[in-house]
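This report refers to the structure that appears directly beneath it.
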Amino acid sequence: MDFDTIKEKLNKAANYTVRKSGEVVNVAKLKIKETELESRLENLFTAIGRAMYTEHQEETDSSVEISGILEEIDKLKSELYECKEEINKLTKMNTCPGCGKTVSDEAKYCSECGTNMKTE
Ligand SMILES: [Zn+2]
Numbered sequence: 028m029d030f031d032t033i034k035e036k037l038n039k040a041a042n043y044t045v046r047k048s049g050e051v052v053n054v055a056k057l058k059i060k061e062t063e064l065e066s067r068l069e070n071l072f073t074a075i076g077r078a079m080y081t082e083h084q085e086e087t088d089s090s091v092e093i094s095g096i097l098e099e100i101d102k103l104k105s106e107l108y109e110c111k112e113e114i115n116k117l118t119k120m121n122t123c124p125g126c127g128k129t130v131s132d133e134a135k136y137c138s139e140c141g142t143n144m145k146t147e
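Quick note: the sequence shown uses the numbering used here, first residue 28, plus one each step.
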């Protein structure tokens, strides 16, 4: 084995390691983001409940406040979906279009709701 071949092999190995650990970091980061988005969504759902109850109790109109929160929820939901998609890409998983569950890339049908995963 000549020197150039060894050097090339070492370079390949180094690149592989960097790429691999890069992916791990990305997934970890995305998982944190996912958890953050989910807890923000929970807070917004709580806020809707509170606004509705206040409306009932004080006989005030909170519809503007509530529709603002609903819009925020829509925004967070699509952000969360993108985040999940990114994680799935890196971990070779799919999101079921039927129920939103994470399913293995290999699975033909969703284990939760039976949706056909191979229709594209
Ligand atoms: Zn499903």
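Even glycine gets a Cβ: it sits at the ideal position worked out from N, Cα and C.
> For L57, which of N38, E99, I114 and S66 has the nearest alpha-carbon?
Replying inline: It is I114.
> Residues bridged to V130 by DSSP?
Replying inline: DSSP output for V130 lists N121 as bridge partner(s).
>> Taking 7 Å as the cut-off, is the C-beta of K34 nearer than that to any heavy atom in ligand 1?
In response: The answer is no for K34.
> With S89 and A78 assumed to form a contact (beta carbons below 8 Å), what rounded beta-carbon distance in angstroms separates them?
Replying inline: With a Cβ gap of about 4 Å, S89 and A78 count as contacting.
> Looking only at DSSP bridge pairs, what is Y136 linked to?
Replying inline: Note: Y136 sits in a beta bridge opposite N143.
> What do you reckon, is the C-beta of K128 under 7 Å from a heavy atom of ligand 1?
Replying inline: In this structure, the C-beta of K128 approaches ligand 1 to less than 7 Å from one of its heavy atoms.
> So is C110 buried or exposed if we call it buried at 16+ other beta carbons inside 10 Å?
Replying inline: Buried, by the Cβ-count rule.
>> Let me check understanding here. Comparing Cα to Cα, which of E133, K104, L117 and T118 lies closest to G127?
In response: The closest CA to that of G127, considering only E133, K104, L117 and T118, is found on K104.
> With 16 as the cutoff for other CB atoms within 10 Å, does C123 come out buried or exposed?
Replying inline: Buried is the call here.
> Is T62 helix, strand or coil by DSSP?
Replying inline: DSSP places T62 in helix when its eight states are reduced to three.
> Under the rule that 16 or more other beta-carbon atoms within 10 Å means buried, what is V130, buried or exposed?
Replying inline: Buried, since its Cβ has 16 or more Cβ neighbours within 10 Å.
>> Does the beta-carbon of E139, which I'm using as the reference point, lie nearer than 7 Å to any heavy atom of ligand 1?
In response: Yes.
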